[in-house]
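Remember, my numbering sits 104 above the position in the sequence shown when you count from 1. Ideal placement from N, C-alpha and C gives every residue a C-beta, glycine not left out. Quantities reported herein were computed from a predicted structural model and do not represent experimental measurements. Since the structure comes first, as structure tokens, the remarks are kept for the end.
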Amino acid sequence: MSKIKEYNLVHITTDGEYKTPLVASQLFDQAEFQAIKQEGFAPRQVEAWTIGAMREYFDEASKKKINELQARCPHIKVRMINGVGRLKMYPAHPLMLSYRKRLGKLPVVYHCRGENAAFWAARVRQAFPGDKVVLDVRGYWPAEIIYKNGIEDPASATGEGLAAFQKAHRFLSHAISIADAVTTVSTALRDLLIKEHGAPIDTSVVPCCITHTTPDTKREEIRKSWGVADDEIVLVYSGGTAAYQHLEDLTIPFLKKVAEGNSKVRLAFLSSEVEKIKTMLEKAGIYSDKIILKSFPQKEVGEALTACDAGILIRKPTVVNAVANPVKIAEYLGSGLPIIIEKNVGGVADVMFEQSILKGIQIAAADASMDEDADSVNNWLAENLDGKRALARAYAEKVYLWSAAINVSRKMYENALNK
């Protein structure tokens with residue numbers, strides 16, 4: 105049997121996720137790089153299908169978002185495929201078959217963001233048995249479902265929480281069983297999927313990536329506009345105020361400790377929710393006008409981050425957070441920021457700690473000492489910070505850019521097509 109050398113690629117997302125900035129960067133940007141990078145085992149054509157409710161066809165905001173995504177990713181075809189829920193999403197399935205026929209005789213790899221997308225792709229595969237379904241597990245959804253209700257450990261779930269976890273657990277296992285290949289965001293999640301859900305041993309790992317690193321071109325200009333002195337060190341938190349970010353209980357108190365121990369440290373918060381953060385800071389007794397509170401359009405955040413010296417990512421090391429790989433990691437590194445991170449969070453490689461790109465702390469435990477970790481961080485900041493910044497950006501270019509990461513996916517596609 106001769107090896108398959110040509111194929112088409114379709115990325116699939118469901119449930120309105122295409123409307124979110126996260127999916128724009130994690131699915132559509134990834135698909136765009138698959139289309140423009142033609143060396144190696146590259147697909148001939150690339151499309152992105154969004155499967156959702158029929159009303160989205162007539163919703164101006166939804167149509168606007170699709171047009172924005174098409175403009176953002178001009179080398180792929182973005183298709184809206186919708187149906188009526190009470191009619192089992194008819195006519196979405198016939199539309200998918202029609203679009204599949206337009207792709208011709210070459211086999212198609214369906215790269216599916218999540219379990220629902222994989223089941224849709226499997227229905228098309230029935231009519232085109234040479235096609236392959238790739239399940240992309242971007243987080244441990246069974247645990248995330250109950251995490252939203254305050255249940256941090258599935259082992260402690262009872263009643264409705266336990267039932268919800270078990271249902272999602274079975275659904276994930278079934279999705280893995282119908283897939284021709286599986287990919288996920290971290291080695292920790294890969295190992296969990298193999299152990300708990302029967303994922304294949306060759307499950308691949310592709311972290312949440314970015315399209316490019318951001319040079320320090322405007323670093324000094326931005327620092328000057330913020331009133332930052334040349335010898336000051338800016339520690340930055342970038343993100344929202346959701347409970348899992350642990351701003352009030354962990355991040356802000358810890359940053360306060362670090363700043364109190366080092367007069368050269370400035371604190372920065374980049375967020376669309378600056379007023380909420382300002383209130384949190386005041387509750388923590390931080391009123392200094394030296395705090396930098398800024399809101400930027402998403403496309404300008406990377407440039408703003410280059411004006412800082414290290415990023416911070418603190419979350420409790422629960423099952424959800426231990427296997428996740430937040431895109432914030434790539435964003436920090438891509439702007440040249442080493443990261444102060446809670447140990448056992450983010451699914452990161454040990455080599456990042458060894459290279460001092462990451463500084464591990466442990467403040468989430470009830471008996472943790474923030475004072476000791478704050479002192480340790482200040483010592484870390486005093487040791488060749490410019491060198492750490494250079495290493496961070498170099499590591500991002502090697503591991504956290506789509507231009508590099510899609511090669512891992514392409515190897516997976518090739519293996520699936522030629523099994």
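For residue i, which three-state DSSP category applies?
i, result
"M456", "helix"
"I418", "coil"
"A388", "coil"
"L314", "It is Ile, not Leu, that sits at residue 314 in the sequence shown. Residue state, collapsed to three classes: strand."
"F373", "strand"
"S480", "helix"
"V340", "strand"
"L521", "helix"
"L76", "This structure cannot speak to residue 76, because the chain is shown only from 105 to 523."
"I396", "strand"
"Y194", "strand"
"K141", "coil"
Using DSSP's beta-bridge definition, name the partner residues of residue i.
i, result
"M184", "T154"
"C216", "I116, L239"
"A51", "Nothing about residue 51 can be read from this structure; the chain reaches only from 105 to 523."
"V49", "Outside the shown range of the chain, which is 105 to 523, sits residue 49, and nothing can be said about it."
"K463", "I444"
"L505", "I314"
Roughly how many angstroms separate the alpha carbons of residue i and residue j, rounded to a whole number?
i, j, result
"Y251", "D334", "43 Å"
"E67", "P195", "A query on residue 67 cannot be resolved here, the shown segment of the chain reaching from 105 to 523 and no further."
"E143", "E518", "14 Å"
"G438", "D235", "35 Å"
"L53", "Q466", "Shown here, the chain extends from 105 to 523; a query on residue 53 therefore has no answer."
"A470", "V182", "48 Å"
"S480", "A165", "48 Å"
"A496", "I444", "12 Å"
"D119", "A157", "8 Å"
"G365", "L385", "18 Å"
"A261", "S342", "32 Å"
"T410", "K420", "27 Å"
"V423", "G450", "11 Å"
Skipping 5 residues on each side, what residues in its chain have a beta carbon closer than 7 Å to that of residue i?
i, result
"N226", "Reading off the sequence, residue 226 comes out as Ala, not Asn. V237, I282, listed in sequence order."
"L173", "Y122, A128, F132, V182"
"V369", "I337, L339, V362, A363"
"E248", "V424"
"L199", "I185"
"Y348", "R419"
Can you name, in chain order, every residue of its own chain whose Cβ lies under 6 Å from the Cβ of residue i, other than the five neighbours on each side?
i, result
"R493", "G440"
"K77", "There is simply no residue 77 to check, as the chain begins at 105 and stops at 523 in what is shown."
"I396", "W330, A372"
"K107", "N522"
Discussion item. Any contact between the segment 345 to 362 and the segment 386 to 395? By contact I mean 3 or more CB pairs, one from each, below 8 Å.
Written reply: Judged by Cβ distances under 8 Å, the segment 345 to 362 makes contact with the segment 386 to 395, as three or more pairs qualify.
Worksheet item: Given 8 Å as the limit, is there contact between the segment 192 to 206 and the segment 497 to 506, that is, 3 or more CB pairs closer than that?
Response: No, the segment 192 to 206 does not touch the segment 497 to 506.
Practice prompt. Count the C-beta pairs between the segment 173 to 182 and the segment 239 to 251 that are closer than 8 Å, then say yes if the count reaches three, no if not.
Written response: no
Worksheet item: Touch check for the segment 310 to 324 and the segment 399 to 414: three-plus C-beta pairs under 8 Å?
Response: yes
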